[in-house]
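To start, the structure itself, in C-alpha cells.
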Amino acid sequence: MSFRGRKVFNLVGFSHHRGYAVIGEENSQEIESEERLTCYGFRTSYCKQFVFHAFAVLFAGIPYMLLHWYCQYAAYIKYSKCSLEEAHILLIQDFNGHYSIQQIFISVCSWPGSGQVRQIRYFHHHLLKFVWDDGIKAFTRLHGLDDGMTTLSQLHVSHGLSANEQEQMIQLHGENMIIINVKSYWRLFIEEVFNPFYIFQVFSVILWSLDEYLYYACCIVFLTTASVVTSLFQTRKQSEGLRDLVAASNSAAVTVCRKGSAYEDIPASCLVPGDVIMIPPQGCFMACDAVLLTGNCIVNESILTGESMPVTKTPPPHSDEYYDPVSHKRHTLFSGTHIIQTRIFGDNKVMAVVVRTGFSTVKGELVRSILFPKPMSGFKFYQDSIRFILFLFLIAALGMAYCIHLYVKRHASIETILLRTLDIMTIVVPPALPAAMTAGTVYSQSRLKKLGIFCISPPRINVCGKVKLVCFDKTGTLTEEGLNLWSMLPSQNSKFCDEPVRDPAVLPVESPFIATMATCHSLTVVDGKLTGDPLDIMMFEATQWVLEKPGQDTSRYDTLCSAVVKPRPRMHRDIGAMKLCQNMFDVDDTEHLPYEICLVHQFPFSSAKQCMSVIARKFGSPHMTLYTKGAPEKIKTLSKKETVPGNFDSLLMEYTLTGYRVIALAYKNLSPKFNWKQAQRTDRDQLENGLEFLGLLIMQNALKPETSPIIAQLQVAQIRCVMVTGDNILTAVSVARDCGMVPPSEQVIQVTVEGDLQLGRIHWEVVGVPQSLHHGSLRSHSDCVLPLIPSTNSHIAVDGATWTALKNYHPELLPQIVIRSTIFARMAPDQKAQVVEVLKSLDYVVAMCGDGANDCGALKAAHIGISLSEAEASVAAPFTSRVANITCVLKLIQEGRCALVTSFGVFKYMALYSLIQFVTVLLLYKCASILGNMQFLYIDLGITTSIAILMGHTGPATRLVSERPIGSLVSASNIIPLILQVLLMVAVQIATLCFVMKQPWFDPIKQEEAKEGIVVCWENTSLFCISSFQYLILAAVYSRGKAHRKPFYTNLLFLFTLVLFTTFTTLLLIYPVGPVAEFFELMPMSKNNHHVIFRLWLLAFPSVHLLASVFIEACVADTKWLKRFLHCLSRKSGPKNKYKRIDRDLSAIPGSLK
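Per numbering that gives the first Met the number 0, the very first residue in the sequence shown carries number 0; after that it's consecutive.
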C-alpha cells in the first residue's frame, strides 16, 4: 500500500485509535479531542414523536419551548435508546455538562488510495467531523496528517495527489473552507426571544395590559425592543465581521503539485491533507496548515499570537520523529498567517505539504474558540443569581397564595383574583434585573477602552475582581523589549579575556566571535528594513555588518545561499584594544580583502533546545562552518570541555546575579566533504556537538519604569506576583529583586533534582545572595515534605528541567513547591501553561500578563489573560493592552473589583426593590387598597430603573486594598446583612401603617365596599411615599465606595438623580399640590393641622431607616467579626482554598519555608 493510501487508512482509525472509551454500555462512549465528549445513541421513534407533538399542541407549544432549553430531555422523550452502531441521533455532553443533539449522517464515497466504495457514518460537533470506526465500534475524530502516525521523513517524500485522489479526499474531509453561517435577522430574533427572560417579559407585559398598566407596559416593550434590536444588530455585525475575516482564505487560489511533476492552479477550497503546494515568491496568506518541505519563509503570525515580529520557518529534518503541530511549529505554516517573503536556492521552488484543512487548522480552531467560548471556571456569579431568582419565585408563590386567600375571602371576581395574584409574580421578579446587572460591566469596559485595554469577553471583567495571583513574563513585560549590548567576553585557549570588550569594532573582522554575531540570527530584509527578533537585530547591528539578499551583487551565491553578510568599512578604532584582540585571536588585519559569508542553512531557535545554529560558508573557504548561540548552560554542554574556561560558572553567576542577560557563542568547522545537500537534510543534533566555545555576550535588559511601582501596589493588596520566563534562572532572580518581587532581606532557594530523575533526590540551594557573589547552599534529601530551612522568609526558584522532573516523578511535591515559588525560569511555552494550570488547581484565580508570542498557551489557560499588543483585539487572550507595560494589570484588577462590587450591589438593590414593592402591595391588599398605575410607573421606571443603571457609573478606587470583594451572592456573609435589610424594611413599613391607623382622625376602608381595591387613601399615600424613600435609601447604601469604588458622590449623574428623586418624594409626602396629588392618586393637601403634623412625622420613618441601614452595611456587612462568627457557627476548621490549606500545613512545620 502506498504512503497516501496507508495514511488515509489510518485517518479513520482502522489501525490507529486514540481518544475514545466505551463507557458501561454499547450505546455510549467518551471521545477525547481537545475536550472530552460523551455520546449516547438514540434511534427515531415515530410513536414517541407523534405523542410528543400532540401533547405540545394541546399545551399551546410550551413543551417545544421547554425542550429547546433542556435538549437532554428531548432525546429521551422523542427518541428510543439504542447502540451507537444503530443510532440515528446522538446526545452529546461536553466536559462542562452542556448538552446538544446531533444527527448522524451517512455518505458513500470512494476510499482514497484503495479505490473501494465505502459507507461512512459521521456527525459534526462544534464544526469538527467525527467518523464511525467499524473496527472498534466507536466514533473518532477525523484527523489529517497530524494524526500522530506521520513521520517527518514521510512528509518529505510527499509528491502530491492526483486529481482523482484529491476528489476522493474532499469527499472524506470536506472542502477547505472556514464558513461562518450568518443567521438571518428572523432566526436571530426567534432565538433571542426564546430566552426565558424575554418569555417572562412577554407574560408580564400581557398581564400589565390587562390590568390597564399600559404606560409601564409600553415603556418595557420599548426598552425590550430596543435591547433586542441592538443585540441582533451587534450579533449580526460580529458574525459578518468574522465571516469577512475568513472569506479571503476561502476565495484564494493556490498552485498544487501533481505527483511531483505537473503543476495546476486550483481554488484553495479544494485543498486536502496530502496536497503539495507551491508558495509564491512574493508571499501569500496561507489557506491551510502545511509543513515546509523546501526553502525558508518569513512569516507574520500576529493573527495567532498578537506578536507582530516576523518569524522564520524552515523545513524539518529528515527523521523518524512523528510530526506534531505544536513541537514542530517552527516548520509549520499556519492558516491565516501572512508569508512576507520566501528564500530558495537556485531555480527550486518553495514547497509545502498540507497537513490540516478547514476548521481543523489553527485558524479554524481560533474561529471555533470565538464561536464556542469555554465557560469560566471557579466563578459562579451567574449560577448564584439564578438560585437567588428561584428563591424570589418561591417568595412570590407564598405571596400569591396569601393574595388568593384575601380576595377569595372578599368574594372578588375571578378576573380580579387572577390579575392581582399574577401581578405578585412580576413584582417579586423584576423584568429589568438583567439589564441593570450588566450596567456595571458595560461602564467598566468603556473605561478600559479609554485606557487602551480591549476586551473580547466582558463577563471576565468581573472575574478580574477576584484575582489572587498574577504571572508575569519577563522580557518585554517586566523589562524593556529591546536589549543593549553591554559588553563581550571572548574566550581563547580556554581563557576569558582579562577585561570585557565594550566595542565590537575592536575585534578582528575575521574573528569567529564576530562571524557568529553576524550570521547566527533569523533576520531578513523587508522593504529595506531589518526585521526579526530584537535580540538578533541588536547583536547584528553591533557588528556594523550588512545583510544582503541573493541577487544584490551576490550572484555567485545564488545557487546555494539564502543571504550574504559582509562588514562595512570601520572607522575610529581603539588601536590598542584592536591590537590586543588581534593577538588574542591570532589573526591579521585583513580589512582590505573581500570578506563575505554566505548563509546556507538555518536551525531556528527552539525553546526545547535553548539554542539556534546557522550553517555558513566564507567566500573562498574550502569548508562550511556551524555557528551557534544560545543559553550559556546549553552551549557549555555542546562545547568541547577543553575549550570552556575553568571560571565559566563563577563568571556566569557574577553577571546574571547583577541582572545582565547572557548569551553564549560557539562554532565548529565542518568537513570539506560536507556539501549543500547534506546541510539541508542533516539533523541538527548530529551537528550541534563538539563545538569550539567562543565566549559570552553580556546584554542589559532594563526594567520598565512602571514595573516596580505596580509590583509594590499588587503586593500591598496581597496579590501574589510570580515570574514565568524563558531566561536564565539567576537573571530572573536578579530581575525579581530589582522589581520588588523578592525583597532584599529575603533569600531565594533553587530547587533541582539530583541524579536519576525518577529516583533522584531533591536538592535545595540558596542562590542570588545580593551582598556577595559567594553563595551558600543547604541540601535536603526528603522526597515527601519540604525541607527544614532556617530562614523564615524564602522564595523558591524552579527551572524548566526541574519542573518536568517534579511533574513526572515527584507530583506529590509539586503543590508544596508551587505555593512557595516566585520564579519559574527556563520555561518552555507549554511549561508556562502547565504552571498556570497547577496554580488554578490550587484554587488561585490566576491572571497572566505576557507579550502574546511564547505566552499564548499560558494566556489562554489563565482565568485572565492579558496580551501586551498593539492590536485592538487578539485571539491570544481575552484582554489586549495597547500600553506595553504592566499598568494594565493594576487597572484591570481595579475595574474588576469595581464591576464585581457594582454587580453585587445592583443585584441586591434590585432584589430589595422587588421585596419592598412586594411587602407594600401585600400590606395594601390587606387594607383593601392597591398602588395606582402612576405610582407603579414612578417607582419602576422613574426611581428604580434610572437609579440601578446609574449606580454602575461610579469609577474604581485609585488604590488597591488587601481585602478582596465577596465572590458569592449566596454566601452567609452576604445573605445575613441582606436579611437584616429586609427585616428592617418590613418593620418600617408595618410601623408606618400602624402609625397611620393610630391617628384619631383615621377612617379605615370598609372591606366589603372595596373588592377592586381603592387607591386614594391614607394607607396608600403613606406606604407609597415611605417605600419610595426606601428605594432611594438602599440605592445610596449599596453605592458606597469604600475599598473598591470611589465615593458615590463622585458619580455626579447618580448623585443628581438621587437628590432629585429625594426632593420630589419629600414634596409628594409633605406638600402634594392639587394636580400632582391627582396625577399620582395621593391624598390631597388639606388645611387640617393634624394632617400637616402627621405628614411631617412620617419623615421620621425614612430617617430612622437610613441610619439603621447604614449601620447594617458599615458595622455588620463585610466585617471581620461577622466572618469569625460565621466560622464558629459553621465549625469551620480551616480555609476552603487548597493553597491556603497547604500554606497552613507548611507553616505548621517548625523551620519550614514561610
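Glycine included, every Cβ here is placed at the ideal spot set by N, Cα and C.
Assignment of alpha helix (DSSP H) within the stretch 831-890, counting only whole runs of 4 or more residues, yields 855-860 in chain order. The residue from Ile795, Leu813 and His794 with its alpha-carbon nearest to that of Thr803 is Leu813. In terms of Cβ geometry, Gln101 and His123 form a close pair [threshold 8 Å].
Here Cys887 is not near Pro955, since their CB atoms are 8 Å or more apart.
Beyond the five residues adjoining it in sequence on each side, Gly159 comes within less than 7 Å, by CB distance, of Val255, Cys256, Arg257, Lys258, Gly259, Asp274 and Val275 in the same chain, given in chain order. In the three-state DSSP reduction, Glu595 falls in the coil class, being neither helix nor strand. Per DSSP, reduced to three states, the secondary structure at Thr420 is helical. DSSP, read as helix, strand or coil, puts Phe602 in strand. Taking C-alpha positions only, Lys449 is separated from Trp485 by approximately 38 Å.
Under the DSSP assignment, Gly1073 falls in the alpha helix (DSSP H) whose first and last residues are Gly1073 to Phe1079.
When DSSP assignments are scanned along the stretch 222-301, the uninterrupted stretches of beta strand (DSSP E) that are 3 or more residues long and fall wholly within it turn out to be 252-257, 261-266, 275-278, 288-291 and 295-299. Gln601 is not a Cβ neighbour of Thr901, given a cutoff of 8 Å. Buried is the label assigned to Trp131, since at least 16 other Cβ atoms lie within 10 Å of its Cβ. For Cys738, the enclosing alpha helix (DSSP H) covers residues Ile728 to Cys738. About 20 Å separates the CB atoms of Asp323 and Asp854; that is not less than 8 Å, and the two are not in contact.
About 7 Å separates the beta carbon of Phe284 from that of Gly335, a gap short enough to meet the 8 Å contact definition.
At a Cβ-Cβ threshold of 8 Å, Asn727 and Ala800 do not count as neighbours. Along the length of the stretch 321-357, whole beta strand (DSSP E) runs at least 3 residues long occupy 337-342 and 349-355, reported in chain order.
The alpha carbon of Asn299 has as its nearest neighbour, out of Pro272, Thr341, Val50 and Ser268, the alpha carbon of Thr341. For the 8 Å CB-CB criterion, Glu1018 and Val1036 do not form a contact.
Taking a cut-off of 8 Å for Cβ pairs, the stretch 830-841 and the stretch 737-755 do not touch, as fewer than three such pairs fall below it.
According to the DSSP assignment, Leu1106 belongs to the alpha helix (DSSP H) that extends over Ala1099 to Cys1114. Under the three-state reduction of DSSP, Gly40 is assigned to strand.
Gln988 is not a Cβ neighbour of Ser928, given a cutoff of 8 Å. In this structure, the alpha-carbon of Ala1147 lies about 26 Å from that of Glu836.
By the beta-carbon neighbour count (other beta carbons within 10 angstroms, threshold 16), Ser183 is exposed. Taking the Cα of Arg459 as reference, the smallest distance to any Cα among Ala883, Val845, Gln167 and Leu867 is reached at Val845. The three-state reading of DSSP puts Lys128 in strand, counting E and B together. Leu979 carries a helical assignment under DSSP once its states are collapsed to helix, strand and coil. Thr624 sits away from Leu695, with the two beta carbons spaced by 8 Å or more.
In this structure His172 does not touch Val462 by the C-beta definition: roughly 38 Å separates them, more than the 8 Å allowed.
Bounds of the beta strand (DSSP E) holding Gln749 are Gln746 to Val752. Exclusion of the five residues before and after Tyr72 leaves Leu66 as the residues of its chain whose Cβ lies within less than 7 Å of its Cβ.
Counting every other CB atom within 10 Å of its CB across the protein chains shown gives Cys46 a total below 16, marking it as exposed. Look at the beta carbons and you see the stretch 971-987 touching the stretch 1115-1126: at least three pairs across the two are nearer than 8 Å.
In this chain, the beta strand (DSSP E) harbouring Ile91 covers Ile88 to Asp93.
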